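**Q**
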Amino acid sequence: MKKVLIVGAGGFIGGFIAAESLRRGYETWCGVRESTSRRYLTDPKLNFVTLDYEYPERMAEAMAGQSWDYIVYNLGATKCVNFMDFNRINYVYLRNFIEALTDCNIRPEKFVYMSSLSALGPGDEKGYAKMSGDMIPRPNTRYGLSKIKAETVLQTLPDFPWIILRPTGVYGPHEQDYLLMIKSIDSHFDFGVGFRRQMLTFIYAEDLARAIFDALEKAPVHTKYIISEPRAYTQKEFRSIVAKALGRRFVVPVRLPLWMLSIACKISEKWGAAHLKATTLNSDKYNIMAQRNWDCDVTPAIRDFGFAPKVDLEEGIKLTVEAYRKEKNTPKK
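When we follow numbering that gives the first Met the number 0, the leftmost residue of the sequence shown carries the number 0, and every step to the right adds one.
1. Is it a yes or a no for the segment 107-114 touching the segment 67-80, going by three-plus beta-carbon pairs under 8 Å?
2. Have a look at the DSSP bridge pairing and note the partners of T41.
3. Three or more C-beta pairs under 8 Å: does that hold for the segment 200-207 against the segment 265-273?
4. Let me confirm a value: G9 is counted as buried when at least 16 other C-beta atoms fall within 10 Å, else exposed. Which label applies?
5. Inspect the beta-carbon positions of M180 and W293 and report whether they are closer than 7 Å.
6. Inspect the beta-carbon positions of P107 and L119 and report whether they are closer than 7 Å.
7. Where does G7 land, buried or exposed, given buried means 16+ other C-beta within 10 angstroms?
8. With a Cβ-Cβ cutoff of 7 Å, do S224 and L156 count as a contact?
9. DSSP beta-bridge partners for V251?
10. Going by Cα to Cα distance, which pick from P138, E98 and F190 is closest to L153?
11. Taking only beta-carbon positions, decide if A208 is within less than 7 Å of chain B.
12. Mark Y54 as exposed unless 16 or more other C-beta atoms lie within 10 angstroms of its C-beta, in which case mark it buried.
13. Got a sec? Which residues, its chain only, sit under 6 Å from A322 by beta carbon, not counting five neighbours each side?
14. Please go through the segment 221-296 and give each complete alpha helix (DSSP H) segment of 4 or more residues, from N-terminal end onward.
15. In whole angstroms, what separates the C-alpha of F11 from that of Y25?
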């Protein structure tokens with residue numbers, strides 16, 4: 000039985016990764032902070048190691064005497080109160096973890112780093128050509144910049160067995176950002192931004208988890224892959240799919256100009272800074288929402304490890320809505 004360590008296992012995606020690891024019969028270890036919620040990590044077969052990402056020496060002490068065949072590095076922040084925290088959490092913490100592995104003389108067979116499509120920056124917004132893994136990265140968000148810096152750390156280690164995955168927008172039960180859109184459409188309003196055509200891509204959380212382990216088992220090291228359902232959707236198509244899953248026949252599309260979104264993001268960002276809370280709308284989010292073309296090429300993943308998502312957007316939204324309604328109707332304790 001191979002041993003797997005999932006670093007950053009406590010979040011929304013981490014729970015799906017841990018479940019897929021157990022399903023494949025691996026001895027599964029979850030790397031978590033002392034304060035990490037284990038809401039999605041309740042299976043008694045899971046093992047835990049507590050990691051303090053600020054200090055490589057403390058991580059080395061926690062991992063001393065251990066070894067893992069595969070490591071999935073899923074730790075990261077998608078929104079922060081202070082934008083400097085993107086650099087600290089997404090870049091410095093990875094560098095610290097690699098240092099701790101070296102100090103412990105731990106060398107996995109393969110190491111999957113969970114990056115993001117945002118690491119590439121904007122794609123072709125004139126001809127709408129697909130984004131590809133070999134395009135020159137031009138991240139236009141501090142989140143994307145921190146991810147490309149982390150990728151660069153790995154690429155400077157020629158003897159380290161890294162594989163980089165760049166998923167597009169990940170959704171599924173318990174995810175919060177897309178849930179805001181679902182709640183809006185549930186209230187009969189669909190808020191979109193910008194008046195030019197926007198192509199959106201998605202990957203269901205379970206499909207992403209399957210892709211991670213398929214890559215670990217089959218993909219060559221020192222490779223980078225975009226992970227997405229192999230088709231793009233317009234905002235209208237997305238709205239129709241969500242409305243159908245919710246049983247909403249009448250939904251009012253509200254299209255906001257980008258300048259209005261920019262103002263809303265700046266106000267939200269200032270409010271978050273004043274109240275020390277990370278907000279969904281901020282200047283980073285503005286650049287992400289303003290981007291018109293998220294269509295992407297997943298041919299290398301199909302070729303190298305047989306990537307084939309099982310859940311399309313219609314089925315995935317149906318499952319997400321079911322989870323949303325179940326939680327909505329569950330009495331609060």
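Cβ coordinates follow ideal geometry from the N, Cα and C atoms, glycine included.
Here the structure is a predicted model, which means the values were calculated and not measured.
**A** A quick look at the data gives this:
1. yes
2. Here the question's residue 41 lines up with position 42 in the sequence shown. Partner(s): none; T41 has no beta bridge.
3. no
4. Reading the sequence shown from its first residue, position 10 is the one you call residue 9. It counts as buried.
5. In the sequence shown, counting from the first residue as 1, residue 180 sits at position 181. In the sequence shown, counting from the first residue as 1, residue 293 sits at position 294. Going by C-beta atoms, M180 is not nearer than 7 Å to W293.
6. Here residue 107 is taken as the residue at index 108 of the sequence shown, counted from 1. Here residue 119 is taken as the residue at index 120 of the sequence shown, counted from 1. If you check the CB distance, P107 and L119 do not come in under 7 Å.
7. Taking the first residue of the sequence shown as 1, we reach residue 7 at position 8. Per the 10 Å Cβ criterion, buried.
8. Looking up residue 224 in the sequence shown gives position 225. Looking up residue 156 in the sequence shown gives position 157. At residue 224 the sequence reads Tyr, which differs from the Ser that was named. Not closer than 7 Å, so no.
9. Locating residue 251 in the sequence shown gives position 252, where the first residue counts as 1. Beta-bridge pairing links V251 to F188.
10. Against the sequence shown, residue 153 aligns to sequence position 154. Nearest of P138, E98 and F190 to L153, Cα basis: E98.
11. Of the protein chains in this structure there is only one, and it is not chain B.
12. Locating residue 54 in the sequence shown gives position 55, counting from the first residue. Label assigned to Y54: exposed.
13. Within the sequence shown, numbered from 1, the residue matching residue 322 stands at position 323. Only P172 meet the Cβ criterion.
14. Within the segment 221-296, the complete alpha helix (DSSP H) runs of at least 4 residues are 234-245, 257-274 and 282-289.
15. The residue labelled residue 11 in the question sits at position 12 within the sequence shown. The residue labelled residue 25 in the question sits at position 26 within the sequence shown. Cα to Cα, F11 sits roughly 20 Å from Y25.
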